[in-house]
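Remarks on the structure that follows.
2 protein chains.
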Amino acid sequence: MSVDTAEPSEFSPRQNAVLEQALQLLVDGGEKALTTSGVARAANCSKESLYKWFGDRDGLLSAMIAYQASKVRTFERNGERLTAASLHDHVVIFARDLLEVLAGDVSLALNRLAIGQSNRDGSKLGKLLLERGRRQIDRRAMALIDAGKRAGLLRFADADEAYHTLYGLVVSDLHVRMLLGEPGLKDTARQAERAVTAFLRLYGTDKVLAEMPVLS
Amino acid sequence: MSVDTAEPSEFSPRQNAVLEQALQLLVDGGEKALTTSGVARAANCSKESLYKWFGDRDGLLSAMIAYQASKVRTFERNGERLTAASLHDHVVIFARDLLEVLAGDVSLALNRLAIGQSNRDGSKLGKLLLERGRRQIDRRAMALIDAGKRAGLLRFADADEAYHTLYGLVVSDLHVRMLLGEPGLKDTARQAERAVTAFLRLYGTDKVLAEMPVLS
DNA sequence: CACGAACCGTACCGTACGGTACGTATATGG
DNA sequence: CCATATACGTACCGTACGGTACGGTTCGTG
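The listed protein sequences derive, respectively, from chains V and P. When you read off a place in the first sequence, starting at 1, and then add 39, the result is the number in our numbering. When you read off a place in the second sequence, starting at 1, and then add 39, the result is the number in our numbering.
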């Protein structure tokens, strides 16, 4: 396992601590609770410092996204040989991780924030969130899918298409429902298993299909 | 074709016109642009009337959702006999309609609004949006899927599970990306076709699979 | 015509936010 | 010991919003 190297802390430790407090505030009370005065009070810093460090409120929001993205690191698979069983397991683990990330407090809060602003700031935050937050997980999935293809376990023409199919099967409308505040959507395990079964049925080669339960 | 009977206009025509203006304002400028004064000005009505009709700002937002939901009516299939080809076509049409609805200006604006508020109002708007906005499309899809099963074209144990699979295949992460403001996601036709192909491959009986192109 | 209800336009109030300015404390470096 | 920089805390300003009050106007009804 090798961890991705992140640019070492875009911000100073003090600033990171402030951003942490800001995220906590956002998670607890939503965007409305995220006032510059509130952040300063919660983080024991001055508003003047906030504006010096982050420019303005939007800069603070961007910094929060960048900071959170820098915290979430995803591990690359090592190059061990894939079998039908281990591919299945890896994809299931990926699916669960994906659902877990999307269901996280901070992730939901930041997505809500970016979505709420997306039609008045030209979707600056949204772009940031997609680029910094999703690239990691996208790369991990693509690497996994590609490895499956090289091992003769998966078959597809367009890897991106296959990945988006997997994503849709795993997430369905869960993300939007969670963003809308629907409670009780935590049964990720079964959902992940079903999604992976369907994905392998669609893209698996005979080697994989042979080990799957028959359609009853 | 029979149109669903909607409770005839929860609001007066004048109020509907006001809500229409409010929606326009929301679409154009986001939540921040949706001020009570702005709505009153745009709709040529008084703030006092707004508060008399809708109680407070939240009541106005709820009314906007209810009004929009009352506008979107979906048609029920008539009971003609389904064949493999017509099932395919109907599902494709459904998929396209679904993407078209989700990509609509007003739909996106209302979803953004509800999501933005969902962690400070106990997700009242979110619940409303899911209940009033989604039930129609859900029912249409369930009816279609059920008809497919009765015609011996589809096979599944849990219709809800099958529907969510279809939804995920069709929408993938498109909805969230659109909510985040990502531009250029309008190639719905191909996306719908691919999704339906995958869905039928997963849930179609031999009658359906026989008419599908082989996996190359 | 007279009366009342509904409604419009505007002015107003309290509040809370984003952003700025200032006085003070702490720390670093010569 | 002084000088400079950094940051804290507080007070302040302008603005804009949600919500209310009020006078004037339209319109339906007896």
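Every residue gets a Cβ at the ideal spot worked out from N, C-alpha and C, and that includes glycine. Remember, predicted model here, so these are calculated numbers, not experimental data.
Between residue 71/P and residue 96/V, the CB-CB gap reaches or exceeds 8 Å. CA-to-CA, the gap between residue 173/V and residue 92/P works out to about 44 Å.
Per the C-alpha coordinates, the member of 205/V, 117/V and 60/V positioned closest to residue 73/V is 60/V. Under the 8 Å Cβ criterion, the segment 80–89 of chain V does not count as touching the segment 120–136 of chain V, having fewer than three qualifying pairs. In this structure, residue 120/P lies away from residue 182/P, with their beta-carbon atoms at least 8 Å apart.
Between residue 53/V and residue 169/V, the alpha-carbon positions lie close to 26 Å from each other. Closer than 8 Å to the CB of residue 129/V there is not a single CB belonging to chain P. Scanning the segment 112–184 of chain P from its first residue to its last, the whole alpha helix (DSSP H) runs of 4-plus residues come out as 123–141, 144–156 and 163–167.
Put simply, the CB of residue 106/P is far from chain V, with every gap to its CB atoms at 8 Å or more. Following the DSSP letters along the chain, one finds residue 76/V inside the alpha helix (DSSP H) bounded by residues 75–82. A contact between stretches requires three or more CB pairs, one per stretch, nearer than 8 Å, and the segment 186–202 of chain V meets this requirement with the segment 234–251 of chain V. Residue pairing for residue 89/V: DSSP places it in no beta bridge. Here DSSP, grouped into helix, strand and coil, assigns residue 243/P to strand. Non-local beta-carbon contacts of residue 64/P in its own chain, meaning distances under 7 Å to residues more than five positions away in sequence, involve 72, 73, 77, 78 and 81 in chain order. Put simply, the CB of residue 90/P is far from chain V, with every gap to its CB atoms at 8 Å or more. Around the beta carbon of residue 85/P, fewer than 16 other beta carbons sit within 10 angstroms, so the residue counts as exposed. Counting the other CB atoms within 10 Å of its CB gives residue 229/P a total below 16, which places it among the exposed residues.
Where residue 71/P is concerned, the enclosing alpha helix (DSSP H) starts and stops at 52–72.
Residue 137/P holds the alpha-carbon nearest to the alpha-carbon of residue 111/P among 137/P, 99/P and 123/P. A distance below 8 Å separates the beta carbons of residue 219/V and residue 153/P. Under the three-state reduction of DSSP, residue 193/V is assigned to strand. Against chain V, a Cβ distance below 9 Å from residue 212/P picks out 173, 203, 206, 207, 210 and 214. Residues of the segment 225–245 of chain P whose Cβ lies closer than 8 Å to any Cβ of chain V, in chain order: 233, 234, 237, 240 and 241. Flagged as an interface residue toward chain V: residue 71/P, by a C-beta distance shorter than 8 Å. Under the three-state reduction of DSSP output, residue 49/V falls in the coil class, being neither helix nor strand. Residues of the segment 145–172 of chain P that bring their beta carbon within less than 9 Å of a beta carbon in chain V comprise 147, 148, 150, 151, 152, 153, 154, 155, 156, 157, 158, 159, 160, 161, 162, 163, 164, 165, 166, 168 and 169, in sequence order. In the displayed model, residue 251/V falls within coil according to three-state DSSP, outside both helix and strand. For residue 94/P, there is no enclosing alpha helix (DSSP H), since its DSSP letter is neither H nor E.
Between residue 205/P and residue 123/P, the CB-CB gap reaches or exceeds 8 Å. Annotation for residue 223/P: no alpha helix (DSSP H) segment contains it, and DSSP assigns it neither H nor E.
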